[in-house]
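Letter by letter, the sequence shown follows residues -21 to -1, 1 to 115 of mature numbering (1 follows the signal peptide of the UniProt record, and there is no 0).
Glycine included, C-beta positions come from ideal geometry on N, C-alpha and C.
Bear in mind that the values here come from a model prediction, so they are computed numbers and not experimental data.
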Amino acid sequence: MCWSRACFWIFLASWFQACFSLECYTCSSQIGVPDVYNDCEYFRYAEWEHHKISQCIYEDSVCAKYIVDHSGLRWVHRSCQHHDICSVLSARYSNDMNMLLECDTCADGNLCNSAPLHVAGFLATSLVLLCGKFLV
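The following block contains the structure:
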């Protein structure tokens, strides 16, 4: 009996972590160059392009959006990163050829580049597991 309860709590904890991990848009494109298939600047993608959404795997994950000038060409990048990404990029892109122009991060899902959380799977699984003993 104790073993089955332990398994239940381990399973529930793993579902909780999987359901609430941060998701971010992941893309890069040159600014000012219209591209119907890769518009990272304004997020014009078809609904089926779910490959542009990544689940963050770092413990200190944030969603990052940064703009870098590479020899006069400006690129926008969006992705999951470590919390200190802006200071890392500032040190990396600080010369005449490459310059960090902008860097923003968020971890709360507020219109940065974060996608909504998936809670429906967690709730359904929890209800089945918690109420399953009454169904048998």
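Query - Ile36 - DSSP class collapsed to helix/strand/coil - result: The residue you call residue 36 lines up with position 57 of the sequence shown. In the structure shown, Ile36 sits in coil (DSSP, three-state: anything other than H, G, I, E or B).
Query raised in the report: Thinking C-beta only, is Thr5 closer than 9 Å to Ser40?
Result: The residue given as residue 40 occupies position 61 in the sequence shown. The residue given as residue 5 occupies position 26 in the sequence shown. No, the Cβ-Cβ distance between Ser40 and Thr5 is not below 9 Å.
Query raised in the report: DSSP state of Leu68, grouped into three classes?
Result: Within the sequence shown, residue 68 is the residue found at index 89, counting from 1. Note: Leu68 maps to helix in three-state DSSP.
Query raised in the report: Going straight from the alpha carbon of Ala43 to that of Cys82, what length do you get?
Result: Taking the first residue of the sequence shown as 1, we reach residue 43 at position 64. Taking the first residue of the sequence shown as 1, we reach residue 82 at position 103. So the alpha carbons of these two residues sit roughly 7 Å apart.
Query raised in the report: Hey, would you say Ser58 sits closer than 9 Å to Cys3, going by beta carbons?
Result: Against the sequence shown, residue 58 aligns to sequence position 79. Against the sequence shown, residue 3 aligns to sequence position 24. Cβ distance < 9 Å, so Ser58 and Cys3 count as in contact.
Query - Coarse secondary structure for Asp87, derived from DSSP in three states - result: Stepping through the sequence shown from its first residue, residue 87 is reached at position 108. Asp87 falls in the coil class under three-state DSSP.
**Report entry** Classification of Val55 by the beta-carbon crowding that lies within 10 angstroms, buried from 16 upward
**Finding:** The residue given as residue 55 occupies position 76 in the sequence shown. By the 16-neighbour rule on beta-carbons within 10 angstroms, Val55 is buried.
Requested in this report: Determine the direct distance from the alpha carbon of Gly11 to that of Ser66, and round the result to whole angstroms.
Outcome: Position 87 of the sequence shown, counted from the first residue, corresponds to residue 66. Position 32 of the sequence shown, counted from the first residue, corresponds to residue 11. Ser66 and Gly11: Cα-Cα distance of roughly 26 Å.
**Report entry** Classification of Leu1 by the beta-carbon crowding that lies within 10 angstroms, buried from 16 upward
**Finding:** Along the sequence shown, one-based indexing puts residue 1 at 22. Buried: at least 16 other Cβ atoms inside 10 Å.
Requested in this report: Measuring alpha carbon to alpha carbon, tell me which of Ser50, Cys85, Lys31 and Cys35 ends up nearest Asn74.
Outcome: Looking up residue 74 in the sequence shown gives position 95. Of the candidates Ser50, Cys85, Lys31 and Cys35, the one whose C-alpha sits nearest the C-alpha of Asn74 is Ser50.
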